[in-house]
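Undergrad: Below is one structure. I have some questions about it.
Number of protein chains: 2
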Amino acid sequence: MTVRLLLADDHRLLREGLRRSMSDAGFDVVGEACDGVEAIQLAGELSPDVILMDVTMPNCDGVEACRQVIDSGVGSRVVMLTMHADQEVLADAIRAGAAGYLTKDCSTREIAEAVRMAAEGDTVLSPQLARSMLDEVRKLDSHAEVDPSQERVVSKREEEVLQLIADGCSTPEVAAQLYISQKTVKNHLASIYQKLDARDRTQAVLQAVRMGIVSLS
Amino acid sequence: MTVRLLLADDHRLLREGLRRSMSDAGFDVVGEACDGVEAIQLAGELSPDVILMDVTMPNCDGVEACRQVIDSGVGSRVVMLTMHADQEVLADAIRAGAAGYLTKDCSTREIAEAVRMAAEGDTVLSPQLARSMLDEVRKLDSHAEVDPSQERVVSKREEEVLQLIADGCSTPEVAAQLYISQKTVKNHLASIYQKLDARDRTQAVLQAVRMGIVSLS
DNA sequence: CACCAATTGGGCCTTCCGACCTATTCAGGA
DNA sequence: TCCTGAATAGGTCGGAAGGCCCAATTGGTG
Chain A
2 MTVRLLLADD HRLLREGLRR SMSDAGFDVV GEACDGVEAI QLAGELSPDV ILMDVTMPNC
62 DGVEACRQVI DSGVGSRVVM LTMHADQEVL ADAIRAGAAG YLTKDCSTRE IAEAVRMAAE
122 GDTVLSPQLA RSMLDEVRKL DSHAEVDPSQ ERVVSKREEE VLQLIADGCS TPEVAAQLYI
182 SQKTVKNHLA SIYQKLDARD RTQAVLQAVR MGIVSLS
Chain B
2 MTVRLLLADD HRLLREGLRR SMSDAGFDVV GEACDGVEAI QLAGELSPDV ILMDVTMPNC
62 DGVEACRQVI DSGVGSRVVM LTMHADQEVL ADAIRAGAAG YLTKDCSTRE IAEAVRMAAE
122 GDTVLSPQLA RSMLDEVRKL DSHAEVDPSQ ERVVSKREEE VLQLIADGCS TPEVAAQLYI
182 SQKTVKNHLA SIYQKLDARD RTQAVLQAVR MGIVSLS
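Residue numbers (my numbering), protein chains in the order written: chain A, 2 to 218; chain B, 2 to 218.
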């Protein structure tokens, strides 16, 4: 029984490489999608056993596409592929129902094994993500409610403040945006400076960018 | 006469895909590097005809690695691979002496052709980058002297100020570092704000990071 | 229950920052 | 040669930023 596989990645080079590797590994590559919307559509039309889905794609990102495919009930197992080992995205992907989460640092052999295991109902992950993955799964098992992405360095509110500053807001503007006083914003910032080992907002935002806490534009 | 090819990309999946594709296309893949430093080292040891080099790599980015390979005089032609069609990076790559600049949206066939053409001394580029590439080449042809990375948005001095700020310096510290008065630093900053459409140092540094003017640690 | 972290807010103070004004020197292009 | 741009430096001024004190509430955790 060959595994029917759908590839979803916006980079043709990677798709072609995967198609060859996966075909050689004995999988039946039934289709390729170059964005999230196409992936969802093809998943519905082709009902593949497994979908190898890139996280970053145009139109609809991989995690959202994964969610929609799982929710649509076609029964496809989704293995996420990502460029970077991002804890946040991993957590999102697991919550979306992904059956695997691999970085593109993996070998084709590892990918092939992951696809095979996903097809058999197992959940697979990159070795370097094993621990956090297990933590996430444990949390899902123990208390099935959504947890605000564990191990946060700064609090939720502080993260909001940081993002607004990164978006170009001044202290008064952040206060207005969040409906709190300027003093509270300053307090949050002072707390952030301690946690991120920064001494001003510039360093705090840069550190947050390095740590992936905030996104730049 | 087969073309001897070196692959440099930090993503093993992509490297393996490329190795297969390029081998099948008749190239002799003599080595693989997973970061910039390794790429430079292997280029020296193996003297490949062509190096397929990713732009974003650990240790030493592809553009810098390209520059060093070209400067080392091993005679290898460097074809850059990139995730995104970035004008700035393209310009840097061309200045660094790259023989080609392709996005990973290209097909393996296109990559193979690009490698072949690069080996023959031609310069190749992604279709969507053709125009800007030609403009860049024209500039290089018209005045062939070394210009300190022309089209600079901010001046050399302003760039130094920006980098120091990004490194965590305050205005007095920047002034001390550059042996100028605080007032001059402020003047530079005011000029930077205009040029980068920023209203404070935080925004200026973030914009500079986006534009690749400064590096974050 | 007691404690802790998060979130909210206050006051006071010093320093920094950015806007706006001017000015000199010097190198390079029209 | 004149003019522009870069780099240098000064002043003033209002607002922003950051340090350092403080306190109230809320929601968990031990």
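Ideal Cβ placement from N, Cα and C applies to all residues, glycine included.
Apart from the five residues on each side of it in sequence, which residues of its chain come closer than 6 Å, Cβ to Cβ, to A/Gly32?
TA: If you number the first sequence from 1, residue 32 of chain A lands on position 31. So the list reads Leu7, Leu43 and Leu47, once near-sequence residues are dropped.
Undergrad: Given a limit of 7 Å on CB to CB distance, which residues of the region 96-117 of chain A reach chain B?
TA: So the list reads Lys105, Asp106, Cys107, Ser108, Thr109 and Ile112, given in the order they occur along the chain.
Undergrad: On a Cα-Cα basis, can you pick out the residue from B/Ile112, B/Ala40 and B/Gln183 that is closest to B/Ser77?
TA: On the second sequence, residue 77 of chain B is found 76 positions in, with the first residue counted as 1. Measuring from the Cα of B/Ser77, the nearest candidate turns out to be B/Ala40.
Undergrad: Thinking C-beta only, is B/Gly98 closer than 9 Å to B/Val71?
TA: As a first step, residue 71 of chain B must be located in the second sequence, where it is residue number 70. As a first step, residue 98 of chain B must be located in the second sequence, where it is residue number 97. One point to set straight first is that residue 71 of chain B is Ile, not Val, in the sequence displayed. Cβ atoms of B/Ile71 and B/Gly98: closer than 9 Å.
Undergrad: Along chain A, in chain order, which residues have C-beta atoms closer than 7 Å to that of B/Thr203?
TA: The residue you call residue 203 of chain B lines up with position 202 of the second sequence. Ile166, Arg202, Thr203 and Val206, listed in chain order.
Undergrad: Please report the straight-line C-alpha distance between B/Arg211 and A/Lys105, rounded to a whole angstrom.
TA: Here residue 211 of chain B corresponds to residue number 210 of the second sequence, with the count starting at 1. Here residue 105 of chain A corresponds to residue number 104 of the first sequence, with the count starting at 1. If I take the Cα positions, the gap works out to 24 Å.
Undergrad: Spatial neighbours of A/Asp136 within its chain, please: C-beta separation below 6 Å, excluding the five flanking residues on both sides.
TA: Counted from its first residue, the first sequence places residue 136 of chain A at position 135. The predicted position of A/Asp136 is uncertain, since its pLDDT is 41 and thus under 50; a value taken from the coordinates is nonetheless stated next. Nothing meets the Cβ criterion.
Undergrad: Residues bridged to B/Met54 by DSSP?
TA: To locate residue 54 of chain B, count along the second sequence from 1; it is residue 53. According to DSSP, which records beta bridges pairwise, B/Met54 is partnered with B/Ala9 and B/Met81.
Undergrad: So, at 7 Å on beta carbons, what are the nonlocal neighbours of A/Leu18 in its own chain, with the 5 sequence-adjacent residues on each side left out?
TA: Position 17 of the first sequence holds residue 18 of chain A. At residue 18 of chain A the sequence reads Gly, which differs from the Leu that was named. Nothing meets the Cβ criterion.
Undergrad: Reducing DSSP to helix, strand and coil, say where B/Ala145 ends up.
TA: Numbered from its first residue, the second sequence carries residue 145 of chain B at position 144. Annotation note: pLDDT 34 at B/Ala145 (below 50); position unreliable, no value reported.
Undergrad: Could you run through the region 16-27 of chain A and flag, in chain order, every residue whose CB is less than 8 Å away from some CB of chain B?
TA: Per Cβ criterion, the list reads Glu17, Gly18, Leu19, Arg21 and Ser22.
Undergrad: Could you name the residues of the same chain whose beta carbon sits closer than 8 Å to that of A/Val154, not counting the 5 residues immediately before and after it, in chain order?
TA: Locating residue 154 of chain A in the first sequence gives position 153, counting from the first residue. Correct list, in chain order: Lys196, Leu197, Met212 and Ile214.
Undergrad: Classify A/Glu160: buried if its beta carbon has 16 or more other beta carbons within 10 angstroms, exposed otherwise.
TA: Taking the first sequence and counting its residues from 1, one reaches residue 160 of chain A at position 159. Answer is buried; the Cβ neighbour count reaches 16.
Undergrad: Tell me the rounded alpha-carbon separation between A/Ser192 and A/Lys157.
TA: Position 191 of the first sequence holds residue 192 of chain A. Position 156 of the first sequence holds residue 157 of chain A. Their backbone Cα atoms lie some 12 Å apart in a straight line.
Undergrad: Quick one: which chain B residues come within Cβ less than 8 Å of A/Leu217?
TA: Along the first sequence, read from residue 1 onward, the residue named residue 217 of chain A stands at position 216. Within 8 Å Cβ-Cβ: Leu207, Val210 and Arg211.
Undergrad: Nearest to A/Thr83 by alpha carbon, out of A/Met23, A/Gly169, A/His12 and A/Arg21?
TA: Sequence index remark: in the first sequence, residue 83 of chain A carries index 82 (1-based). Ranking A/Met23, A/Gly169, A/His12 and A/Arg21 by Cα distance to A/Thr83 puts A/His12 first.
Undergrad: Under 7 Å Cβ to Cβ from B/Val175, same chain only, skipping five residues before and after it: list those, please.
TA: Within the second sequence, residue 175 of chain B is the residue found at index 174, counting from 1. Once the five neighbours on either side are set aside, the close Cβ partners of B/Val175 are Val162, Leu165, Ile166 and Val186.
Undergrad: Name, please, each residue of chain B whose Cβ falls closer than 8 Å to the Cβ of A/Met197.
TA: Residue 197 of chain A sits at position 196 when you count from the first residue of the first sequence. The residue you asked about is not Met; residue 197 of chain A is Leu in the sequence shown. Those within 8 Å of A/Leu197 in chain B number zero; the least Cβ separation is about 12 Å.
Undergrad: Taking all protein chains shown into account, decide if B/Ser22 is buried (16 or more other Cβ within 10 angstroms of its Cβ) or exposed.
TA: Looking up residue 22 of chain B in the second sequence gives position 21. Per the 10 Å Cβ criterion, buried.
Undergrad: Can you pull out the residues from the region 168-180 of chain B whose beta carbon lies closer than 7 Å to at least one beta carbon of chain A?
TA: Flagged, chain order: Gly169.
Undergrad: In three-state terms, what does DSSP make of B/Thr185?
TA: Residue numbering aside, residue 185 of chain B sits at position 184 when the second sequence is read from its first letter. Of the three classes helix, strand and coil, the one that applies to B/Thr185 here is helix, per DSSP.
Undergrad: In chain order, what residues of the same chain have a beta carbon less than 7 Å from the beta carbon of B/Val26, not counting five sequence neighbours either side?
TA: To locate residue 26 of chain B, count along the second sequence from 1; it is residue 25. Per the sequence shown, residue 26 of chain B should be read as Ala rather than Val. Once the five neighbours on either side are set aside, the close Cβ partners of B/Ala26 are Ala113.
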